[in-house]
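In our numbering, the protein residues as written are 8 to 516.
Note that CB positions come from ideal geometry on N, CA and C, so glycine has one too.
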Amino acid sequence: MSDDLLKKVISHAKEYGFVFPSSEIYDGLSATYDYGQNGSELKNNIKNYWWTAMVKMHENIVGIDASIFMHPATWKASGHVDAFNDPLIDNKDSKKRYRADVLIEDHIEKIRGKINKEVAKGFKRFGDDFDEVEFRKTNPNVLRNVVKIEEIEQKFKDSLGKDDLPAVKALIEELEIACPISGSKNWTEVRQFNLMFSTEMGSVAEGANTIYLRPETAQGIFVNFLNVQKTGRMKIPFGIAQIGKAFRNEIIARQFIFRMREFEQMEMQFFVKPGTQKEWFEYWKKTRIEWHNSLGLGEENYRFHDHLKMAHYADAATDIEFNFPMGFKELEGIHSRTDFDLKAHEEHSGKKLQYFDPQENKSYVPFVVETSIGLDRMFLAILSNSLKEEKLENGTERTVLALPAALAPIKVAIMPLTKKDGLPEKAKAIFDDLKLDFNCTYDEKDSPGKRYRRQDAIGTPFCVMVDHQTLEDNTVTIRDRDTMKSDRVAISELSAIIGEKVSFKSLMK
Ligand code: GAP
């Protein structure tokens, strides 16, 4: 996996209508992207698959769609006004701004690079007899660098934990970290920068109020907890799910759609009886990884990363990391958020947010286990994992997007072999019939080979070819994207053949 693959994914995404830089005619806007004709279909299919698995498949989970703007007190209660910060530092010579933690992490990465070089040397020297585990345990250079990393991490954690920003700057100076642009070590003080975007509601004359664009969708769920519980007569344990936009003024937004300033989250808050949260945390870890595995992107491409240092509201937290082109990175978070949010909203609103438990015959503030996945990151995981360049037996190459068939933007392309002899009319009649069930496209331009390649590149699982035999016996050939094999089948069978392969059921099996 490499930068090269990420570059290929970005250019493929643009060339085939998946993702464009936002407002490109004005040279784009940093860290914002637009989903094109194929990208928006793929994105909708991912949303639907998540919604189906979370809401439709769980009798005790319902969905909502809360507004992006919320009362400003929401963000005071949630802790975002006071604590949703990144530590920033500027280089006085290049005038470039950096996240202090990223500078330090990059420095640590360089030390890790030295360790890997040492290990590679060992491999070279000892060949097949090389025992990497033993080497890492005993080689003095490796051990020295491991200790160095541990010391830096400890110092950094301690200073941030105490909100001691001068100590963070001192660490950057001690490590002699230089600005990658100017090469100088002429740094400003470190200061905290709040990641929420703010705007004003109402006219200035009326006395406008500062409000925020939500940095997570979760709070829209918490403030509606009682509305949904009462009107839906929900019994604990139950969940509320939501898909929607979130906004963060990320300082270092990079790596394509991995880290954006406007992105989409798919979140679910699961309300449980206090004391049972550990068990539900484990349940959701298992359930969510099963969902990921059902997509067939390769179980080896996922791993859990448990948080050692918890956010102030959590008593357990883990990330599901995915093997992106840039390496393993966070794709989804599963957090046991205790009763922190509901209690904070009770305090700030003065309203009770409690559940009357008929079995216990008492009211309490439920605990919450949250699953939170970035839709754009899921999109990138699927796109980068599916993009393949294959060498074919006849010596040619093809680019294929081997998307899970159920998520493909277009499920079937219908093509007449030639543009005459009544073949287009017959093909269009099939198209009109199938389009009620599937997202279809009609294509009569260029040679069949070129048309197949176009569909391979956007991940269309099936191509249906109408030829002269079709006019005689109402059969067509259906070509499978992955095997590239064509079978002759009756037109009347098409819907069932395609339906079986592209339904969510086929993934959930
Ligand atoms: N409600 C919990 C929450 O928001 P988070 O770990 O901050 O937790 C959840 O975000 C998920 O949202 C992440 O795992 C990631 O997939 C996605 N995400 C967060 N920031 C993002 C960004 N700037 N761009 C794209 N996706 C992002």
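Candidates the options: closest to residue i by CA position
i      : options                        : result
Ser356 : Lys457, Met422, Ser85, Val471  : Ser85
Thr283 : Lys508, Asp322, Tyr219         : Asp322
Ser379 : Gly246, Ala413, Thr490         : Gly246
Val6   : Leu478, Glu479, Arg458, Arg486 : Because the chain spans 8 through 516 in this model, residue 6 falls outside it and cannot be assessed.
Phe76  : Asn216, Lys103, Asn446         : Asn216
Lys237 : Lys54, Ile264, Gln361          : Gln361
Asp348 : Phe331, Pro373, Asn148, Glu337 : Pro373
Glu479 : Pro468, Ser454, Leu430, Lys492 : Leu430
His312 : Thr406, Met333, Tyr219, Ile327 : Ile327
Pro416 : Arg295, Leu13, Asn55           : Asn55
Leu414 : Ser513, Trp194, Thr448, Asp346 : Ser513
Asp444 : Phe386, Ala412, Ala503, Lys492 : Ala503
Ile218 : Ile341, Gly209, Val197, Asp450 : Gly209
Residue i: CB within 7 Å of a non-hydrogen atom of the ligand GAP
i      : result
Glu66  : no
Gly35  : no
Ser101 : no
Ala225 : yes
Arg310 : no
Gly429 : no
Phe270 : yes
Leu304 : no
Gly381 : yes
Met472 : no
Glu274 : yes
Arg295 : no
Arg104 : no
Met267 : yes
Arg255 : yes
Glu337 : yes
Glu328 : no
Arg261 : no
Lys384 : According to the sequence shown, residue 384 is Arg rather than Lys. Under cutoff, so the answer is yes.
Glu377 : yes
Classification of residue i by the beta-carbon crowding that lies within 10 angstroms, buried from 16 upward
i      : result
Gly134 : exposed
Ser343 : buried
Asn98  : buried
Pro365 : exposed
Thr490 : exposed
Gly381 : buried
Gln476 : exposed
Lys50  : buried
Arg384 : buried
Ser393 : buried
Val140 : exposed
Pro147 : exposed
Val509 : buried
Pro244 : buried
Phe130 : exposed
His319 : exposed
Met8   : Legend: pLDDT at Met8 = 45, less than 50; position of this residue unreliable, value from coordinates given subsequently. It counts as exposed.
Gly456 : exposed
Asp408 : Checking the sequence, you will find Leu at residue 408 rather than Asp. Leu408 should be labelled buried.
His314 : exposed
Val230 : buried
Residue i - DSSP class collapsed to helix/strand/coil
i      : result
Asp135 : helix
Pro94  : strand
Asp489 : coil
Ser253 : Here the sequence assigns Ala to residue 253, which means Ser is not the residue at that position. Ala253 falls in the strand class under three-state DSSP.
Lys512 : helix
Met8   : Low per-residue confidence applies at Met8: pLDDT is 45, beneath 50, and the placement is therefore not dependable enough to give any value.
Ile75  : coil
Ala497 : strand
Leu167 : helix
Ser30  : coil
Thr403 : coil
Lys369 : strand
Arg221 : coil
Thr39  : coil
Pro173 : helix
Asp322 : coil
Tyr105 : strand
Thr147 : A quick correction: the sequence has Pro, not Thr, at residue 147. In the structure shown, Pro147 sits in a helix (DSSP, three-state: H, G or I).
is_contact[residue i, chain D] using C-beta, thresh 8 Å
i      : result
Phe386 : The structure shown has no chain D; it contains just one protein chain.
The ligand FAD heavy atom lying under 7 Å from the CB of residue i
i      : result
Gly340 : Because the ligand FAD does not appear in the structure shown, any question about it cannot be addressed here, the ligands present being the ligand GAP.
* To do: Tell me the start and end of each unbroken alpha helix (DSSP H) in the region 225-302 that is at least 4 residues and wholly inside, in chain order.
  => 225-229, 232-238, 284-301
* **Segments assigned beta strand (DSSP E), at least 3 residues, entirely inside the region 425-492** => 447-449, 469-473, 482-487
* Pick out the complete beta strand (DSSP E) segments inside the region 326-351, 3 residues or longer, and give them in chain order. => 334-345
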